[in-house]
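Going line by line, the protein sequences match chains A and B. Take any residue in the first sequence, count from 1 to its spot, add 35: that is its number in the numbering used here. Take any residue in the second sequence, count from 1 to its spot, add 35: that is its number in the numbering used here. Take a look at the structure set out below.
2 protein chains.
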Amino acid sequence: MSLLVVGSVAYDGIETPFGKTDRILGGSATYISLASSYFTDKINLVGVVGKDFADEDINLFKSKNVDLEGLQVDDSGNTFFWKGKYHHDLNMRDTLDTQLNVFERFDPVIPDAYKDARFVALGNIEPSLQEKVLHQVNKPDLVVMDTMNFWIEGTPDALKKTLKGVDLLVINDSEARELANEPNLIIAANKVRDMGPDSLIIKKGEHGALLFTGDEIFSAPAYPVIDIFDPTGAGDTFMGGLLGWLAYTNDLAPENMRRAVIMGSVMASFCVEKFGPERLKNLTEEAIYSRYKEFRRLSVIPDID
Amino acid sequence: MSLLVVGSVAYDGIETPFGKTDRILGGSATYISLASSYFTDKINLVGVVGKDFADEDINLFKSKNVDLEGLQVDDSGNTFFWKGKYHHDLNMRDTLDTQLNVFERFDPVIPDAYKDARFVALGNIEPSLQEKVLHQVNKPDLVVMDTMNFWIEGTPDALKKTLKGVDLLVINDSEARELANEPNLIIAANKVRDMGPDSLIIKKGEHGALLFTGDEIFSAPAYPVIDIFDPTGAGDTFMGGLLGWLAYTNDLAPENMRRAVIMGSVMASFCVEKFGPERLKNLTEEAIYSRYKEFRRLSVIPDID
Chain A
36 MSLLVVGSVA
46 YDGIETPFGK
56 TDRILGGSAT
66 YISLASSYFT
76 DKINLVGVVG
86 KDFADEDINL
96 FKSKNVDLEG
106 LQVDDSGNTF
116 FWKGKYHHDL
126 NMRDTLDTQL
136 NVFERFDPVI
146 PDAYKDARFV
156 ALGNIEPSLQ
166 EKVLHQVNKP
176 DLVVMDTMNF
186 WIEGTPDALK
196 KTLKGVDLLV
206 INDSEARELA
216 NEPNLIIAAN
226 KVRDMGPDSL
236 IIKKGEHGAL
246 LFTGDEIFSA
256 PAYPVIDIFD
266 PTGAGDTFMG
276 GLLGWLAYTN
286 DLAPENMRRA
296 VIMGSVMASF
306 CVEKFGPERL
316 KNLTEEAIYS
326 RYKEFRRLSV
336 IPDID
Chain B
36 MSLLVVGSVA
46 YDGIETPFGK
56 TDRILGGSAT
66 YISLASSYFT
76 DKINLVGVVG
86 KDFADEDINL
96 FKSKNVDLEG
106 LQVDDSGNTF
116 FWKGKYHHDL
126 NMRDTLDTQL
136 NVFERFDPVI
146 PDAYKDARFV
156 ALGNIEPSLQ
166 EKVLHQVNKP
176 DLVVMDTMNF
186 WIEGTPDALK
196 KTLKGVDLLV
206 INDSEARELA
216 NEPNLIIAAN
226 KVRDMGPDSL
236 IIKKGEHGAL
246 LFTGDEIFSA
256 PAYPVIDIFD
266 PTGAGDTFMG
276 GLLGWLAYTN
286 DLAPENMRRA
296 VIMGSVMASF
306 CVEKFGPERL
316 KNLTEEAIYS
326 RYKEFRRLSV
336 IPDID
């Protein structure tokens, strides 16, 4: 099924304890599109880039069958640029530079050809822009949204308004606690679901993820990554793997939602192995399915007599 | 199989956001013994209490078939007393009072009748005392040990010496990182296992636990507890459920170790529902096995075709 991805397309400067890159392709829509491209080839990207956007990056999207009719090229400035440095403990990072550039004027216009997308991924952008997307599409089967503390604190009203049109919210644990103003994660999850989203995924980084859907909770393990190289984009990649799997299978039953969470985790576990989206450029189906099976082995609880 | 439990027996004063108790039975050996008593009735407790230790608490142990030949009663003072207050976020607490009392002079003497115990639980006490226990027992099948940051920082040499005689170390994630001086939990686990313990369990509180045994890693989910009332003793209760299950089944294969981790998690999830060890006083086999099955449902990853 067709998948509409709306979010940022950017260049990132990244420093981790293991290396440094001055400029690498980034942005939420980039990671979501690349990760989902391993499962479905009907990906429609809506975003904006500037006059400096490289042909090789355009070609990367095209090579993954990502449709770029919705990618605006704004020649009045450069592409969104973010620069950050990770600490020794990779869970923390400092932002060193943020140049919004053409992204500051981003107005998501959905091409007619995209409006019937069955699956919609709203990457982490301003909530009012996310809502603008929802006004342009024709009753998708599933709207999945990401957000962050910046919007929870800065534009809570717009965020809560947008949440009403969202089917599945994907946020991390600190965001869930802040959004619900509640330290207990399970209670926080219930409160967030009362705000609109039928289902909720709480990402817990190295501790895996929790899926709340229907009456059940699914606890997904994290992959025990020894060689984590660069965490940039892991969350967006998770969302991409998740949505790619759902669009491919077109099955929103709780059991398949579990598979989707693991597929998101699988793709994120690959993503962190190299800088930026490098690792997402040439994965194989075999590697993906093999890691899925590793996740299964990791969490098997044997029955008792 | 017989289980030897060595640790503290104490009275605790506890304040949580949900209530307060001035004095309730506590201590690592208490929680370990009570939790394991649901699986095996050959529990031998070694600890020390003071002249204030109540008959009703003696009777509680006896009612759970905990042998008290090794429980020293030191009339020269009172029982170890700890008082603490939990924050709104129950992951943090302040110690308000610590009176070591007779525990300050605790010298674990293992009665002859206990020396052939097949399973040994070394609760969180001074590492040199834990080692003293190991010198008195006759080649147990499994020595399980707990420790804490206080000993990792205060007596690292004694701790590392004791670790050489330990088969399974049970610590939390911050302790594992500190002991290995390594932020990546998976690498930290490998470093800790190089210090002696064949197997390692890293408890992650609300995020579950990781078991490292042989060549495999098991990721155990946490039970989604909404009504967490008092976290005191949860870690010791985990160890008790784990060891009780292992002593009952007498099976140290990796598959059964997974069951033991879940049984520990089951018992800990009950423990936090009430003050101190209250909830451990009258559980039923049905409630325990039913919650085990809930843990299984929580973490099932469906196969893909």
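Each residue gets a CB set at the ideal place from its N, CA and C atoms; glycine is no exception.
Rounded straight-line distance, which links the Cα of residue j to that of residue i
i                      : j                      : result
residue 78 of chain B  : residue 209 of chain A : 42 Å
residue 298 of chain B : residue 72 of chain B  : 12 Å
residue 128 of chain B : residue 218 of chain A : 14 Å
residue 267 of chain B : residue 307 of chain B : 7 Å
residue 193 of chain A : residue 105 of chain A : 24 Å
residue 68 of chain B  : residue 316 of chain B : 11 Å
residue 248 of chain B : residue 289 of chain B : 7 Å
residue 132 of chain A : residue 230 of chain A : 34 Å
residue 52 of chain A  : residue 123 of chain A : 6 Å
residue 184 of chain B : residue 199 of chain A : 45 Å
residue 167 of chain A : residue 207 of chain B : 45 Å
residue 157 of chain A : residue 246 of chain B : 37 Å
residue 152 of chain B : residue 161 of chain B : 21 Å
residue 178 of chain B : residue 189 of chain B : 23 Å
residue 140 of chain B : residue 303 of chain B : 30 Å
residue 333 of chain A : residue 90 of chain B  : 46 Å
residue 238 of chain B : residue 251 of chain A : 24 Å
Where the alpha helix (DSSP H) containing residue i begins and where it ends
i                      : result
residue 114 of chain B : First-last for residue 114 of chain B: undefined, no H or E at that position.
residue 138 of chain B : It is not in any alpha helix (DSSP H) - residue 138 of chain B carries neither H nor E in the DSSP assignment.
residue 270 of chain B : 269 to 284
residue 297 of chain B : 289 to 306
residue 248 of chain A : Looking at the DSSP string, residue 248 of chain A is not in any alpha helix (DSSP H); the run it does join, the beta strand (DSSP E), is 244 to 248.
From the options, residue whose alpha carbon lies closest to that of residue i
i                      : options                       : result
residue 125 of chain A : A:159, A:273 and A:262        : A:262
residue 46 of chain B  : B:59, B:54 and B:216          : B:59
residue 149 of chain B : B:166, B:167, B:141 and B:172 : B:172
residue 54 of chain A  : A:119, A:102, A:252 and A:139 : A:119
residue 103 of chain B : B:36, B:151, B:65 and B:165   : B:65
residue 70 of chain B  : B:177, B:235 and B:305        : B:305
residue 243 of chain B : B:331, B:321, B:198 and B:182 : B:331
residue 101 of chain B : B:291, B:49 and B:41          : B:41
residue 99 of chain A  : A:318, A:340, A:334 and A:323 : A:318
residue 186 of chain B : B:178, B:238, B:196 and B:313 : B:196
residue 273 of chain A : A:258, A:334 and A:336        : A:258
residue 114 of chain B : B:121, B:130 and B:92         : B:92
residue 335 of chain A : A:255, A:314, A:260 and A:237 : A:255
residue 221 of chain B : A:97, A:241 and A:322         : A:241
residue 154 of chain A : A:36, A:322 and A:250         : A:36
Proximal residues to residue i (C-beta, below 6 Å), its chain only, five neighbours per side dropped
i                      : result
residue 137 of chain A : 83, 85, 109 and 112
residue 134 of chain B : 116
residue 215 of chain B : 223, 226 and 227
residue 293 of chain B : 253
residue 326 of chain B : 301
residue 347 of chain B : Outside the shown range of chain B, which is 36 to 340, sits residue 347 of chain B, and nothing can be said about it.
residue 146 of chain B : 104 and 105
Range of the contiguous beta strand (DSSP E) that encloses residue i
i                      : result
residue 59 of chain B  : 54 to 61
residue 109 of chain B : 106 to 109
residue 127 of chain A : That residue, residue 127 of chain A, is in no beta strand (DSSP E); it is neither H nor E in DSSP.
residue 258 of chain B : Counting along the chain, residue 258 of chain B falls outside any beta strand (DSSP E), and DSSP gives it neither H nor E.
residue 234 of chain B : 234 to 238
residue 207 of chain B : 203 to 207
residue 46 of chain B  : 45 to 51
residue 38 of chain B  : 38 to 41
residue 80 of chain A  : 78 to 85
residue 156 of chain A : 154 to 157
Interface flag, residue i vs chain E, CB-CB below 9 Å
i                      : result
residue 198 of chain A : The displayed structure is made up of protein chains A and B, and chain E is not among them.
Close beta carbons around residue i, own chain, < 7 Å, minus the five adjacent residues each side
i                      : result
residue 295 of chain B : 277, 280 and 281
residue 291 of chain B : 284
residue 143 of chain B : 41, 81, 164, 167 and 168
Residue i: CB within 8 Å of a non-hydrogen atom of the ligand ADP
i                      : result
residue 155 of chain B : Summarising the ligand content, the structure contains no ligands, and the ligand ADP is consequently not present.
Close Cβ partners of residue i (< 8 Å) along its chain, the five nearest in sequence each way excluded
i                      : result
residue 311 of chain B : 47, 49, 56, 59, 60, 61, 265, 267 and 268
residue 88 of chain A  : 44, 108 and 114
Item to complete: Could you name the residues of the stretch 270 to 301 of chain A whose beta carbon sits closer than 8 Å to any beta carbon of chain B, in the order they occur along the chain?
Response: 290, 291, 293, 294 and 297
Worksheet item: the stretch 231 to 246 of chain B: which residues have C-beta closer than 9 Å to a C-beta of chain A, in chain order?
Response: 239, 241, 242, 243 and 245
Worksheet item: What are the residues of the stretch 306 to 336 of chain B that lie near chain A, defined by any Cβ-Cβ distance shorter than 9 Å?
Response: 324, 327, 328, 330, 331, 332, 333, 334, 335 and 336
Discussion item. Please list, in chain order, the residues of the stretch 54 to 65 of chain B that have any C-beta partner in chain A closer than 7 Å.
Written reply: none
Worksheet item: Relative to chain B, which residues along the stretch 244 to 263 of chain A have a C-beta separation below 8 Å, given in chain order?
Response: 245, 251, 252, 253, 254, 255, 256, 257, 259, 260, 261 and 263
Item to complete: Select from the stretch 181 to 210 of chain B all residues with a C-beta closer than 7 Å to any C-beta belonging to chain A, and list them in chain order.
Response: Cβ contacts with chain A come from no residue of the stretch 181 to 210 of chain B.
Practice prompt. With 7 Å as the C-beta to C-beta threshold (strictly closer), list the residues of the stretch 122 to 155 of chain A near chain B in chain order.
Written response: Taking 7 Å as the cut-off between beta carbons, the residues of the stretch 122 to 155 of chain A near chain B are 123 and 124, in sequence order.
Discussion item. Residues of the stretch 158 to 181 of chain A in Cβ contact with chain B at a cutoff of 8 Å, in chain order, please.
Written reply: none
Discussion item. Along the stretch 211 to 223 of chain A, where does the CB come closer than 9 Å to a CB of chain B? Name the residues.
Written reply: Under the 9 Å Cβ criterion, the stretch 211 to 223 of chain A contributes 212, 218, 219, 220, 221 and 222.
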